[in-house]
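Student: Per our numbering, the very first residue in the sequence shown carries number -19; after that it's consecutive.
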Amino acid sequence: MDEERHSAMNDTNLTVIGLQWGDEGKGKIVDALTGRFDCVVRFCGGANAGHTVTVGDKVYALHLIPSGILRHGVHNVIGNGVVVDPSVLLEEIAGLTGRGVAVSGANLHLSNRAHVVMPYHKAADRLNEAKLAGSAKIGTTARGIGPCYADKANRSTAVRVGDLYQPGWDARIRTIVAEKNAVFAALYGAEPLDADDVVAQAASWRDALAPLVCDTGAMLRQAVRQGRRILFEGAQGSLLDVDHGTYPFVTSSAVTACGVPTGAGVSPRDIGRVIGVLKAYCTRVGAGPLATEQDNATGDLIRRRGREYGTTTGRPRRCGWFDAVAGRYAAELSGVDELAVMLLDVLGTVGELKICTGYTLNGRPLEGFDPTIATLEGVQCVYETLPGWDEDITACTRYGELPQAARDYVERIEALVGRPIGIVSVGPKRAQTITRNSALADLIAS
Ligand code: IMP
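(1) For Val35, tell me which candidate among Gly53, Val21, Ala12, Cys19 has the shortest Cα-Cα distance.
(2) Can you tell me whether Gly348 is buried or exposed? The criterion is at least 16 other CB atoms within 10 Å of its CB, across all chains shown.
(3) In angstroms, rounded to a whole number, what distance separates the CA positions of Thr415 and Asp370?
(4) Asn56 by DSSP, collapsed to three states: which one?
(5) Is the beta carbon of Val10 less than 8 angstroms from the beta carbon of Glu213?
(6) Does Ala12 have its Cβ less than 8 angstroms from a Cβ in chain C?
(7) For Asn28, verify whether its CB is less than 7 angstroms away from any heavy atom of the ligand IMP.
(8) Is there at least one non-hydrogen atom of the ligand IMP closer than 7 angstroms to the beta-carbon of Gly25?
(9) Thinking just about the alpha-carbon of each residue, which of Gly124, Leu327, Pro400, Asp303 is nearest to the one in Ile282?
(10) Taking only the alpha-carbon atoms, compute the straight-line gap between Thr242 and Asn60 and give it to the nearest angstrom.
(11) From the DSSP secondary-structure annotation, give me the bridge partner or partners of Asp303.
(12) Heavy atom of the ligand IMP less than 7 angstroms from the Cβ of Ile118, yes or no?
(13) Taking the beta strand (DSSP E) that His31 belongs to, which residues open and close that run?
(14) Figure out for me which residue from Val57, Tyr389, Val193, Gly239 has the closest Cα to the Cα of Leu323.
(15) Can you give me the Cβ contacts of Leu420 inside the same chain, cut-off strictly under 7 angstroms, excluding the 5 residues immediately before and after it?
(16) Name the one or two DSSP bridge partners that Ile210 has.
(17) DSSP has His95 in a bridge; who is on the other side?
(18) Where does His52 land, buried or exposed, given buried means 16+ other C-beta within 10 angstroms?
(19) With burial defined as no fewer than 16 other Cβ atoms inside 10 Å of the residue's Cβ, what is the status of Leu423: buried or exposed?
(20) Since Pro345 sits in a beta bridge, which residues does DSSP pair it with?
(21) At what residues does the beta strand (DSSP E) containing Glu318 begin and finish?
(22) I'd like to check one pair, Val359 with Leu341: are the Cβ atoms closer than 8 angstroms?
(23) Rounded to the nearest angstrom, what separates Thr374 and Gln412 at their Cα positions?
(24) Under the DSSP definition of a beta bridge, which residues are partnered with His89?
(25) Cβ of Phe349 versus every heavy atom of the ligand IMP: is any distance shorter than 7 angstroms?
(26) Taking the alpha carbon of Pro172 as the point to measure from, which residue in Ala103, Ala311, Asn28 has its own alpha carbon closest?
(27) On the criterion of 16 or more Cβ atoms from any shown chain inside 10 Å, does Leu42 qualify as buried, or is it exposed?
(28) When you compare only the Cα positions, how much space is there between Arg154 and Tyr168?
(29) In or out: Gly331 buried (at least 16 other Cβ within 10 Å) or exposed?
(30) Could you check whether the segment 113 to 124 touches the segment 263 to 272, counting it as contact only if at least three pairs of C-beta atoms, one from each stretch, sit closer than 8 angstroms?
(31) Can you tell me where the beta strand (DSSP E) holding Glu394 begins and where it ends?
(32) Please say whether Pro127 and Asp105 have beta carbons closer to each other than 8 angstroms?
(33) Look at the alpha carbon of Glu364 and the alpha carbon of Pro248, and state the distance between them as a whole number of angstroms.
(34) Can you list, in chain order, the residues of its chain with a C-beta nearer than 6 angstroms to that of Tyr379? Leave out the 5 residues immediately preceding and following it.
(35) From the DSSP output, read off the bridge partner residues of Cys262.
(36) Tell me, please, whether the segment -8 to 4 touches the segment 175 to 183 by the rule of three or more beta-carbon pairs shorter than 8 angstroms.
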């Protein structure tokens, strides 16, 4: 029996990931699905993520806590692949508790192997960005993500959650702070951090987080053995992946479905079916290539209609046409089974719509999407133009109620990306979710 289980793919579980540059609306999809799952797991990124979930009239912005926290009885896990800023986590817990959402060791667990974002990581992120020359700036969220993952790879200067409970933890932190201060002074002429303050902060985190900390990988593998249903909640988007994104304008973790086994501590067979979430257009916050960017009135209109401002930083997002070449690449990379297309309503009244169907470099067609080539000058998009629609579609609840032009647009995305679209979202509320014939639709509806 066990052998059979080990050789088969697990289709009890589900992975939801973004296929663009983040902010695709994953939080809404995860929230719509959490009622069908026992556990919701974050496996990458940190407080750079901002997942907006609307429940009734209430809007929640989650950064570290999985979106399942808003459903009673769902078990939420922050996996080992996440970098955790305890001050953000504790603030988020307090905010939820203050709004009547219970958070405790009964519904939230934190991996003892997750790495801790320390105050010096946030300082390093800011100092490093400030030092980079204009076009080299990555435009990070300044949440200390890159410096924390750098220490993870460096090992000797890393602090894992579990390390806070080891004898001599405070002396070790003092040593690391001294080392960081020496680097900050030498490289940036920056003021030193006070080691006493850092240790005092870490001591308060230790106590507050203790009820949540455990070996979450072991917990999840046991859940798999017991046939419990697990939803893996992606953060950021595939084109921000440290290996497969538009490097160096990426985040520092593995954010595709390929990052789930490592970041959660489960077998690759147990990530389940993969849902890829796409916006009906493209946005990007921070620097880096966005070939379909519309730095003009169309981009401004999309930004205004889509309220395209960062959940974490409030920065205006760069907006552009849907890039089907990049979407196809990202869908293939993660073995996506089905797509969810979000924010379709935003494109109403925009006029004729364009979809990027290919790239050329100095006039010659390029094969597929190469994230390195995408950064080169001379790369041009090949567009297909489709009719737009002026109707307000936010009250549509069935696919057939959408205007013909909206359906044609959705079906063209489906054909170009090469995966079935199971969900079309026409607004932030749970009710504004149109499902089409698909396994995903059945799951949401059941
Ligand atoms: P970092 O992850 O803060 O280092 O930022 C690196 C790049 O990823 C920047 O361009 C950020 O704007 C972008 N980024 C990181 N997290 C998110 C996210 O959750 N949504 C959208 N962009 C993100």
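Ideal placement from N, C-alpha and C gives every residue a C-beta, glycine not left out.
Tutor: Looking at the atomic coordinates:
(1) Taking the Cα of Val35 as reference, the smallest distance to any Cα among Gly53, Val21, Ala12, Cys19 is reached at Ala12.
(2) exposed
(3) 22 angstroms
(4) strand
(5) Yes; because the gap between Cβ atoms is below 8 angstroms, this pair is in contact.
(6) You won't find chain C in this structure, because it holds only one protein chain.
(7) yes
(8) yes
(9) Leu327
(10) 8 angstroms
(11) For Asp303, DSSP records a beta bridge to Cys336.
(12) yes
(13) Run containing His31: 31 to 35, per the beta strand (DSSP E) assignment.
(14) Tyr389
(15) Ile255, Glu318, Gly402, Ile403
(16) Cys19
(17) The partner list for His95 (beta bridge, DSSP) reads Val63, Arg140.
(18) exposed
(19) When all chains shown are included, Leu423 counts as buried.
(20) Thr340
(21) 318 to 322
(22) yes
(23) 7 angstroms
(24) Val57
(25) no
(26) Ala103
(27) Under this definition Leu42 is a buried residue.
(28) 20 angstroms
(29) exposed
(30) yes
(31) It is not in any beta strand (DSSP E) - Glu394 instead sits in the alpha helix (DSSP H) that spans 384 to 397.
(32) yes
(33) 37 angstroms
(34) Result list for Tyr379: Ile414, Arg416, in chain order.
(35) Gly300
(36) Not touching, per the Cβ criterion.
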